[in-house]
Amino acid sequence: MRLGSHIEAAIGGPLPLRVRAWDGSETGPKDAPTVVVRSRRALRRLLWQPGELGLAQAYITGELDFEGDLAEGLRILWRTVREGGLHPPRLGARGWGRAAATALRLGVVGPRPTPPASQARLRGQLHSRTRDRAAISHHYDLSNAFYALLLDETMAYSCGYWTGEGPGYGPADAQRDKLELICRKLGLGPGARLLDIGCGWGSLTLYAAEQHKVRVTAVTLAAEQAAYVRE
Numbered sequence: 237m238r239l240g241s242h243i244e245a246a247i248g249g250p251l252p253l254r255v256r257a258w259d260g261s262e263t264g265p266k267d268a269p270t271v272v273v274r275s276r277r278a279l280r281r282l283l284w285q286p287g288e289l290g291l292a293q294a295y296i297t298g299e300l301d302f303e304g305d306l307a308e309g310l311r312i313l314w315r316t317v318r319e320g321g322l323h324p325p326r327l328g329a330r331g332w333g334r335a336a337a338t339a340l341r342l343g344v345v346g347p348r349p350t351p352p353a354s355q356a357r358l359r360g361q362l363h364s365r366t367r368d369r370a371a372i373s374h375h376y377d378l379s380n381a382f383y384a385l386l387l388d389e390t391m392a393y394s395c396g397y398w399t400g401e402g403p404g405y406g407p408a409d410a411q412r413d414k415l416e417l418i419c420r421k422l423g424l425g426p427g428a429r430l431l432d433i434g435c436g437w438g439s440l441t442l443y444a445a446e447q448h449k450v451r452v453t454a455v456t457l458a459a460e461q462a463a464y465v466r467e
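Mapped onto the numbering used here, the consecutive letters of the sequence shown carry residue numbers 237 to 467.
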């Protein structure tokens with residue numbers, strides 16, 4: 237399959253995953269998870285938006301799919317990158333010319349694909365108050381019920397601090413241990429004051445107030461988060 241050889245040339249090494257193109261042809265290790273390129277549009281999107289964002293957009297729109305264990309596929313990919321198995325070439329003028337000719341032959345050259353309907357449409361100056369507020373609202377105001385499906389009972393939206401290995405020790409315990417570690421490092425105690433900027437769903441705010449009797453002022457731009465903490 238020509239697409240496979242083109243991909244290998246672009247990434248500078250053998251394919252760590254199997255790839256199936258829109259015409260049904262396949263290449264790559266037979267026992268590896270399979271990346272399914274359903275449309276030339278996926279490659280066009282990556283031409284316009286190389287990297288993680290382009291991949292995410294292609295996946296969300298269904299132009300790119302995955303068969304098999306997604307987590308294992310990502311582990312294989314990151315391991316290959318970490319071990320130096322991929323060496324993308326540095327292209328000169330002639331190399332870019334060949335790349336453009338290849339893109340034309342594959343039929344992937346065209347106007348920039350529109351972003352997925354679910355992607356935020358942000359306007360205004362970068363990091364202005366209005367733009368940042370809109371970005372925060374788009375991400376966090378999906379609903380507290382939605383995030384409750386993903387998070388544990390602490391509603392902490394960051395990594396935990398794992399201090400136990402027993403079968404009864406879980407993510408919520410690791411989150412509480414993290415919050416306790418933060419409070420200890422800050423030397424918080426009764427009567428202390430804490431400003432929690434970007435408080436999320438108030439995991440640190442509530443823990444510091446309830447467990448260490450701290451007076452906390454919490455700040456968030458997300459209306460849903462603010463309502464959750466006030467409850």
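Glycine included, every Cβ here is placed at the ideal spot set by N, Cα and C.
Report, in whole angstroms, the separation of the C-beta atoms of P352 and T297, which I expect to be a contact under 8 angstroms.
5 angstroms
Following the continuous beta strand (DSSP E) through T270, name the residue where it begins and the one where it ends.
270-273
Where do the ends of the beta strand (DSSP E) carrying D409 lie?
Here D409 belongs to no beta strand (DSSP E); instead the alpha helix (DSSP H) covers 407-422.
Thinking V273 and R256 are a contact (beta carbons under 8 angstroms), I'd like their distance in whole angstroms, please.
7 angstroms
The alpha helix (DSSP H) with A458 in it runs from where to where?
Taken as a continuous stretch (DSSP letters only), A458 belongs to no alpha helix (DSSP H), as it is neither H nor E.
Where D267 sits in the DSSP three-state scheme:
coil
If you check the beta carbons only, do D413 and T390 fall under 8 angstroms apart?
no
Secondary structure at R256, three-state DSSP: helix, strand or coil?
strand
Buried or exposed for A463, please, with buried defined as at least 16 other CB atoms from any protein chain shown within 10 angstroms of its CB.
exposed
Where does the unbroken alpha helix (DSSP H) through R429 begin, and where does it stop?
Element bounds for R429: not the alpha helix (DSSP H) but the beta strand (DSSP E), 429-433.
Segment contact flag, the segment 440-448 with the segment 404-420, C-beta cutoff 8 angstroms, min 3 pairs
yes
Could you tell me which of T270, L358, A294, L424 sits nearest to L251, measuring between CA atoms?
T270
Identify the continuous beta strand (DSSP E) that holds A301 and give its terminal residues.
At residue 301 the sequence reads Asp, which differs from the Ala that was named. Here the beta strand (DSSP E) through D301 covers 300-303.
Does DSSP classify R348 as helix, strand or coil?
coil
Have a look at the DSSP bridge pairing and note the partners of R451.
R429
I'd like to know if the segment 419-427 and the segment 395-409 are in contact, where contact means that at least 3 CB-CB pairs between them fall below 8 angstroms.
no
Rounded to a whole number of angstroms, what is the C-alpha to C-alpha distance between R425 and V465?
A quick correction: the sequence has Gly, not Arg, at residue 425. Rounded to whole angstroms, G425 to V465 spans 21 angstroms at the Cα level.
Reference S475; option with closest CA among L283, L378, E401
The structure shown does not extend to residue 475, since the chain is modelled only from 237 to 467, so the question has no answer here.
E262 bridges to which residues according to DSSP?
R256
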